[in-house]
Structures are given as C-alpha cells and as structure tokens.
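**Student:** First the structure, then my questions, so here it is.
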Amino acid sequence: MMMKVQQPPDPWQEVRTANGFAADEVISALQKSIRRGLLENAVLLGWEMYFTSEALEEKLWSRLSVISVEDIGFGNRQAPVLVETLYRQHERHERPSGDRFLFAAHAIRLLATSTKDRTSDDLVNWAKHSVALGERLPEIIDVALDMHTRRGQEMGRDYRFFMEEASRVVPEIADKDQTWRDWIIDALDKGKLE
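Be aware that the sequence shown starts at 309, since it is given in my numbering, and climbs by one per residue.
As structure tokens, then:
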C-alpha cells in the first residue's frame, strides 16, 4: 500500500507581507532558517511577520511554539517553556511597540542557537503513518488491567497489585525515598489496607 503525504491547503498562500513576500514562504523560511541556525535571516523573517500584521505576528508565535518541540526537542528541553514565557511577556506591550518584538527576537535567538533534535516529530509521523498504513495499533499492556479498569477488577487485581506492579515507573530515579511506599506495603501486609 502506498500513501501520498501532503499538506492541506494553506490560507497563508493567499497573503502578501508588508514588503511583498508570499506569507507562506516567509513562514517556511523562518522555520528552515531556525533549523539551520541562520539567526539573522530568522530574525529578519520574524520582523517581516511582526511588522506586516497582528495576525501574522500571532502566526509567528504559533510557529515558534511548534519549532520549540518539532525542531529543538530534546536538544533544549526548556525551549517550549521559555517560548511560552516570552509569548506571555510580549502580551504586556502594545503593538507596534519595538519592545513587543524584542520577546519574539529573543525566542528566535534561543531556538536558532539551540542544539536541534527532530525525533519528537519523527515519532509523531511514525505513529500517524504506521496506523494509517495498518502496520501498528496500540496495545493494552497487561499491567494496565488493574483496579482502575473493569477487566482488572474482574481479574481480582487490587490495591496491592497496583502498588507492586501497575504503579512501577521506568526509568526510576536512584535513591528514591521509599518511606511512604514502605508504609503502604506494610499496611497491606498487616491487613490494614486491602
């Protein structure tokens, strides 16, 4: 089976920027410039979007938010938080204040100079396409059938099963404080909890 991968129609294809660029090309060039670390071009493209209209400025922030996960990913795990914080800060300044764009420029600088990692996007595309092609579906793993599900209850999986199996995490921090978990297991052992 072959599936063609394509994008839906983009309304930005019908828009021109203040300096006559096709808006969809400016948006695309912004992302590709950030991907390649072309900081100055990325900031100029961001300014073009900001200067053109409030709607294109909002699109700028939308793309920066996506880029922080899609292209930066685990290269800078704080990038999404920082971009969101900068977005909130920029809202304190009215258009067309130069201070308002400062926050977008800082976000662009952060992203363009960050180490890049696209594996979250790869993971999303793998999931979408492998399901669409009928190659994969999710599975209900055995430990999911616990006291929180009908089948788990029917299997007699109780609070002990939850504490000993279903609540186990991987990977787990080293030297975790077991005080409260040990108390719960002891209470189960003594019949105080069921």
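Quick reminder that beta carbons are idealized off the backbone N, C-alpha and C, glycines included.
Values in this document were obtained by computation on a predicted structure and should not be read as measured data.
1. For LEU372, tell me which candidate among GLU402, GLU362, PRO388 and GLY383 has the shortest Cα-Cα distance.
2. For ARG403, which of helix, strand or coil comes out of DSSP?
3. Does the distance from the C-beta atom of PHE329 to that of GLU362 stay below 8 angstroms?
4. Pull up the DSSP beta-bridge partners for ARG324, would you.
5. Look at LEU394 and PHE411 and say whether their C-beta atoms are less than 8 angstroms apart.
6. Using only alpha-carbon positions, find the residue among ARG400, LYS340 and VAL377 that is nearest to ASP430.
7. Taking the alpha helix (DSSP H) that PRO319 belongs to, which residues open and close that run?
8. Suppose the cutoff is 8 angstroms on Cβ atoms and the five residues either side in sequence are ignored; what does the same chain contact list for MET286 look like?
**Tutor:** In this structure, then:
1. When each option's Cα is compared against that of LEU372, the closest is PRO388.
2. The answer is coil: DSSP assigns ARG403 none of H, G, I, E or B.
3. no
4. In DSSP, ARG324 forms a bridge with ALA330.
5. yes
6. VAL377
7. Run containing PRO319: none; DSSP gives neither H nor E here.
8. Residue 286 lies beyond the residue range present for the chain, which begins at 309 and ends at 502; the question has no answer from this structure.
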